[in-house]
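So the structure is just underneath, and the comments pick up after that.
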């Protein structure tokens, strides 16, 4: 059972977890990753996420399907926000449900590692002094994604 | 006319000052690299951008591809910097 959503609005963390937990009576464990906008000590005011409508949903759905098969998931939810978010606001929710903990924990790591470098999102940082900067991809993110090859 | 749509995202879109354009390709198709060479030869800003930006990615019909892949009339091509989601 896959749920993929790309939206500008904040998501309902409790509601997303509740939905996953009730997806099947065979669910024995769930794992959740939530990413949020981090203050970086250099006056970050907000983060704006741009994406490629159409491709984003396709990539996220393919990743969720792959996770479902590879880790025998009972449920998998990915909610990713786009638009402008301030420090402390949530950006992404990845939730997985499985019979036992190991599959859910691994699947969540797989999804967030792959999503960061494979789904067409781009972050632009805006600072309190008016500066603006596109976030550069990090090699460590590529390495994390490659560990799942 | 046999055309493809080309989309630019993030810093590429911003630096070029446009998010979309169309380009002509031969009816039997050609590689992304061939098409891009032709575009760069007639557009100095685009040429500079590709020279200055490392690791530009390409998607063909909303799937990641390579510069050796073929594009055919009607395809949607997109260029963008490495992705930074999550």
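Protein chains in written order, with this note's numbering: chain A, 1 to 149; chain B, 1001 to 1086. Heads up, the beta-carbon is just placed ideally off N, CA and C, and yes, glycines get one too. Predicted model, so just to flag it, every value in this text is computed and none were measured.
Reference residue 41/A, options 55/A, 126/A and 3/A, closest by Cα:
The residue with the shortest Cα to Cα distance from residue 41/A is 126/A.
Let me see if you follow: with CB-CB separation under 7 Å, is residue 1009/B close to chain A or not?
So yes, residue 1009/B belongs to the interface.
Output needed for residue 1125/B: all residues of its chain with C-beta closer than 8 Å, excluding positions within five of it in sequence on either side, in chain order.
Outside the shown range of chain B (1001 to 1086) lies residue 1125/B, about which nothing can therefore be said.
I'd like to know whether the C-beta of residue 85/A is nearer than 7 Å to at least one C-beta of chain B.
For residue 85/A, the answer is no, since every Cβ of chain B falls outside 7 Å of its Cβ.
Can you tell me where the alpha helix (DSSP H) holding residue 61/A begins and where it ends?
Where residue 61/A is concerned, the enclosing alpha helix (DSSP H) stretches over 55-70.
Between residue 43/A and the rest of its own chain, which residues show a CB-CB distance below 7 Å, the 5 nearest in sequence each way excluded?
For residue 43/A, same chain residues with a beta-carbon under 7 Å away, outside a window of 5 residues either side, are 127, 128 and 129 in chain order.
Residues from the region 124-139 of chain A in contact with chain B, defined by Cβ distance under 7 Å:
So the close ones are 134, 135 and 137.
Where does residue 23/A fall in DSSP's three states?
It is coil, neither helix nor strand.
In angstroms with no decimal places, state the Cα-to-Cα distance between residue 150/A and residue 115/A.
What is shown of chain A runs 1 to 149, which leaves residue 150/A out entirely.
Just to confirm the assignment, what range does the beta strand (DSSP E) spanning residue 1034/B have?
Here residue 1034/B belongs to no beta strand (DSSP E); instead the alpha helix (DSSP H) covers 1032-1042.
Kindly list, in the order they appear in chain B, the residues whose Cβ is closer than 8 Å to that of residue 121/A.
By Cβ distance, chain B contributes 1083, 1084, 1085 and 1086.
Of the residues that make up the region 1065-1082 of chain B, which ones have a beta carbon closer than 9 Å to any beta carbon in chain A?
Result list: 1076, 1078, 1080, 1081 and 1082.
Please list, in chain order, all residues of the same chain as residue 52/A whose beta carbon is under 7 Å from its beta carbon, the five residues on each side excluded.
Closer than 7 Å at Cβ, skipping near neighbours: 120.
Cutoff 8 Å; reference residue 60/A; Cβ partners in own chain excluding five residues on either side:
Excluding residues within five positions, the ones whose Cβ falls inside 8 Å are 4, 6, 78, 80, 115 and 119.
Leaving out the 5 sequence neighbours to the left and right, which residues in its chain are closer than 8 Å to residue 1083/B when beta-carbon positions are compared?
So the qualifying residues of the chain are 1057.
Answer yes or no: do residue 92/A and residue 49/A have a C-beta to C-beta separation smaller than 7 Å?
Result no, Cβ atoms of residue 92/A and residue 49/A do not sit closer than 7 Å.
If you draw a straight line from the alpha carbon of residue 38/A to that of residue 102/A, how long is it in whole angstroms?
Spanning the two alpha carbons is a distance of roughly 28 Å.
Using a Cβ-Cβ cutoff of less than 8 Å, which residues in the same chain neighbour residue 1062/B once the five nearest sequence positions on both sides are dropped?
Closer than 8 Å at Cβ, skipping near neighbours: 1076 and 1078.
Closest to residue 106/A by CA distance: which of 147/A, 10/A and 36/A is it?
The residue from 147/A, 10/A and 36/A with its alpha-carbon nearest to that of residue 106/A is 147/A.
Buried or exposed, going by whether 16 or more other CB atoms sit within 10 Å of the CB of residue 132/A?
If you draw a 10 Å sphere on the C-beta of residue 132/A, you find fewer than 16 other C-beta atoms in it, and that means exposed.
Quick check on residue 1062/B - is its C-beta less than 7 Å from some C-beta in chain A?
For residue 1062/B, at least one C-beta of chain A is nearer than 7 Å to its own C-beta.
Return the bridge partner residues of residue 116/A from the DSSP annotation.
Paired residue(s): none; residue 116/A is not in a bridge.
Under 8 Å Cβ-Cβ, which residues of chain A neighbour residue 1059/B?
Chain-ordered, the chain A residues with CB closer than 8 Å to the CB of residue 1059/B read 52, 55 and 120.
Considering residue 140/A, what are the terminal residues of the alpha helix (DSSP H) in which it resides?
Element bounds for residue 140/A: 139-146.
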